[in-house]
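J.:
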Amino acid sequence: MIYANKKIASSINLAQQTAQIITNVKALEQKGLIRIDDLTVYLDLSLWVDKKIATNWIDCLLIYYRVKKSFKAGTLYFKDIKTEELIGTCNNKKAKVLIFS
């Protein structure tokens, strides 16, 4: 968006962003790249390229859990779908990636 000859960022529509996250998670579930259990998300490691992307994934999946599973507080666990090795956690909005040290 351009205003007074300056490019500015438009505000993010939170509802639209949340809907997109839910749609993407469901699509990845159907493809078999992620599997969601009670408080554990199993996912293919090819989705996590580096620590920044992994942290973004954790944040998006936390939004998904809050909307679809009525998740209030606690710890979410992220594991490799093939080996079931713990690769990350999210405890009260604090993401911790364990594979990119």
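Quick note on numbering: the sequence shown equals residues 1188 to 1288 in the numbering used here.
Note that CB positions come from ideal geometry on N, CA and C, so glycine has one too.
On a predicted model such as this, the values are computed, not experimentally measured, just so you know.
#1: For residue 1238, collect the residues of the same chain with a Cβ closer than 8 Å to its Cβ; drop the 5 residues on either side in sequence, then sort them by chain order.
#2: Look up residue 1240 in the DSSP assignment and give the residues it is bridged to.
#3: Here's a check: name, in chain order, each residue in its chain whose Cβ is nearer than 7 Å to the Cβ of residue 1255, leaving out the five neighbours to either side.
#4: Assign residue 1260 to one of two classes, buried (16 or more other C-beta atoms within 10 Å of its C-beta) or exposed (fewer than that).
#5: DSSP three-state label for residue 1259, please.
#6: Keeping to the same chain, check which residues put their C-beta closer than 6 Å to that of residue 1229; ignore five residues upstream and five downstream.
#7: Taking only three categories from DSSP, how would you classify residue 1286?
#8: Check each candidate in 1214, 1274, 1250, 1240 and name the one with the smallest Cα separation from residue 1202.
#9: Go to residue 1278, then tell me how far its alpha helix (DSSP H) extends in each direction, as first and last residue.
#10: Following the continuous alpha helix (DSSP H) through residue 1201, name the residue where it begins and the one where it ends.
T.: On the basis of the coordinates in this document:
#1: 1284, 1287
#2: Bridge pairing for residue 1240: absent [DSSP].
#3: 1209
#4: So residue 1260 ends up on the exposed side.
#5: coil
#6: 1222, 1266, 1268
#7: Correct three-state label for residue 1286: coil.
#8: 1250
#9: From DSSP, residue 1278 is part of no alpha helix (DSSP H) but of the beta strand (DSSP E) over 1273-1278.
#10: Here the alpha helix (DSSP H) through residue 1201 covers 1201-1218.
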